[in-house]
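Chemist: First the structure, then my questions, so here it is.
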Amino acid sequence: MPRISVFYGIVISMRWREHGPPHFHAAYGDAEASIGINPLAVLRSTLMPRQLGLVMEWAAQHQDELSANWDRAQERGPLAPIAPLP
2 MPRISVFYGI
12 VISMRWREHG
22 PPHFHAAYGD
32 AEASIGINPL
42 AVLRSTLMPR
52 QLGLVMEWAA
62 QHQDELSANW
72 DRAQERGPLA
82 PIAPLP
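Following my numbering, the numbering of the sequence shown begins with 2 at its first residue and continues without gaps.
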């Protein structure tokens with residue numbers, strides 16, 4: 002699963018040719034989340050509230066880039082890295 006960003010120990014990734022709706026994955030230790038891109042929504046999560054909040058803050062800042070990566074992933078193209086939270 003290609004990584005597209007890493008910040009504060011949270012790994013953001015997206016799978017190629019995955020089922021809809023458009024979404025990405027976040028992992029922190031053994032906890033994971035699937036986050037819908039448009040609209041931004043938690044599809045499922047075992048992340049702690051602090052990490053989930055950071056993921057949602059990051060996603061709000063990079064929603065267009067996430068959408069573009071989803072389109073690339075559906076074509077099995079290379080995914081663009083996305084800047085982490087500062």
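Positions of the beta carbon are idealized from the N, C-alpha and C atoms, including for glycine. Note that the structure is predicted; figures quoted are calculated from it, not measured.
The beta strand (DSSP E) with R4 in it runs from where to where?
Modeler: Note, R4: beta strand (DSSP E), 4-8.
Chemist: Kindly indicate if chain C contains any beta-carbon less than 8 Å away from that of I11.
Modeler: Annotation note: the requested chain C is absent from the structure, which comprises a single protein chain.
Chemist: Beta-carbon within less than 8 Å of H26's beta-carbon, same chain only, minus the 5 sequence neighbours each way: which residues are those?
Modeler: Excluding positions up to five away in sequence, the list reads M2, I13, S14, M15, R16, E33, A34, S35, I36.
Chemist: With respect to the alpha helix (DSSP H) encompassing I73, which residues constitute its N-terminal and C-terminal limits?
Modeler: The sequence given here places Arg at residue 73; Ile does not occur at that position. It spans 64-75 - the alpha helix (DSSP H) in which R73 sits, taken as one unbroken run.
Chemist: Can you round the beta-carbon distance between W59 and L86 to whole angstroms, since I take them to be within the 8 Å contact cut?
Modeler: With 8 Å as the limit, W59 and L86 qualify as a contact, their Cβ atoms being about 5 Å apart.
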